[in-house]
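The next block holds one structure in the form of structure tokens; read it before the comments.
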Amino acid sequence: MLDEILEFNKEFVKDFEGVELSHLPKKKVAILTCMDCRLTGFLPNALGIERGDAKIIRNAGNTIVGSDAIKSIAAAIYSLGCEEVLVVGHSECGMAHANPENIKSKMLEMGIKEEDIDDIDNLVEWIGAIPGEEQNVLNTVEAIKNHPLITSEVPIHGLILDIVTGELKVLIDGRE
325 MLDEILEFNK
335 EFVKDFEGVE
345 LSHLPKKKVA
355 ILTCMDCRLT
365 GFLPNALGIE
375 RGDAKIIRNA
385 GNTIVGSDAI
395 KSIAAAIYSL
405 GCEEVLVVGH
415 SECGMAHANP
425 ENIKSKMLEM
435 GIKEEDIDDI
445 DNLVEWIGAI
455 PGEEQNVLNT
465 VEAIKNHPLI
475 TSEVPIHGLI
485 LDIVTGELKV
495 LIDGRE
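The opening position of the sequence shown corresponds to residue 325 in my numbering, with each subsequent residue numbered one higher.
This is the structure:
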């Protein structure tokens, strides 16, 4: 795959007109969303987001399990000028169907030591499995809003994107 990507990139840069952009997001928004491959290219189009508009944070199931997502959100607010946060889940999320036994079995099959797997308190939570798409967005918005290092001055919105139609549904309007 790497060779394919590098070959594509050679062709890409031939016709690409580079533009200097700021590292600060033009629309002053941070978006926490899922790493689902179906969102690549689709999510920005559905939201009207272009290159340089937003800080997009992606992980399995758009959760804040662990500290990386919340650190990125805090950095977006306090260092990069974001004034709003969108938590965007999507329909048909694979993390809503993650099976801990299958995950553990695959890890063992690929050479991960059982004691290292057993050191994880909650494999389902650690991997980013979610209770359901809408409930996960609600839970994630509340966790961000209630985090001691996130100011209440920044609206935290919760949305669901239909992975087929692109329609957005607002679950939480953080301005209210």
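Using N, Cα and C, we set each Cβ at its ideal position, and we do this for glycine too.
Margin query: One question on the structure: do V409 and I394 come within less than 8 Å of each other, judged by their Cβ atoms?
Written below: no
Checklist line | Same chain only: Cβ atoms within 6 Å of L492, ignoring 5 sequence neighbours per side | finding: The residues are L483 and L485.
Item checked: Ranges of the alpha helix (DSSP H) found wholly within the region 437-464, counting only runs of at least 4 -> 438-442 and 447-451
Notebook entry, point to check: Roughly how many angstroms separate the alpha carbons of A378 and K350, rounded to a whole number?
Noted result: A378 and K350 have their alpha carbons spaced roughly 7 Å apart.
Notebook entry, point to check: Which residue or residues does DSSP assign as beta-bridge partners of H414?
Noted result: L485
Check: Whole-angstrom Cβ separation of E466 and C417, contact assumed at under 8 Å?
Finding: In fact, because the Cβ distance is near 18 Å, the residues do not count as touching under 8 Å.
Item checked: Cross-strand partners of A399 (DSSP beta bridge) -> Its beta-bridge partners do not exist; DSSP assigns none.
Next item on the list: Please report how far the alpha carbon of E425 lies from the alpha carbon of V461, in whole angstroms.
Entry: 25 Å
Margin query: When you compare the CB positions of L367 and L404, do they come within less than 8 Å of one another, or not?
Written below: no
Next item on the list: Note down, in chain order, each residue of its chain lying with its Cβ closer than 6 Å to the Cβ of M431, except the 5 sequence neighbours on either side.
Entry: I441
Next item on the list: To the nearest angstrom, report how far apart H421 and K338 are at their CA atoms.
Entry: 42 Å
Checklist line | Buried versus exposed call for T489 [16 or more other C-beta atoms within 10 Å across all chains shown] | finding: With fewer than 16 Cβ atoms within 10 Å of its Cβ, T489 is classed as exposed.
Notebook entry, point to check: Mind checking G365: buried by the 16 CB within 10 Å criterion, or exposed?
Noted result: It is exposed - the Cβ of G365 has fewer than 16 other Cβ atoms within 10 Å.
Check: Going by DSSP, which residues form a beta bridge with C358?
Finding: N383
Check: For T474, which beta-bridge partners are listed by DSSP?
Finding: The residue asked about is misnamed: residue 474 is Ile in this sequence, not Thr. Looking at the DSSP output, I474 shares a beta bridge with no other residue.
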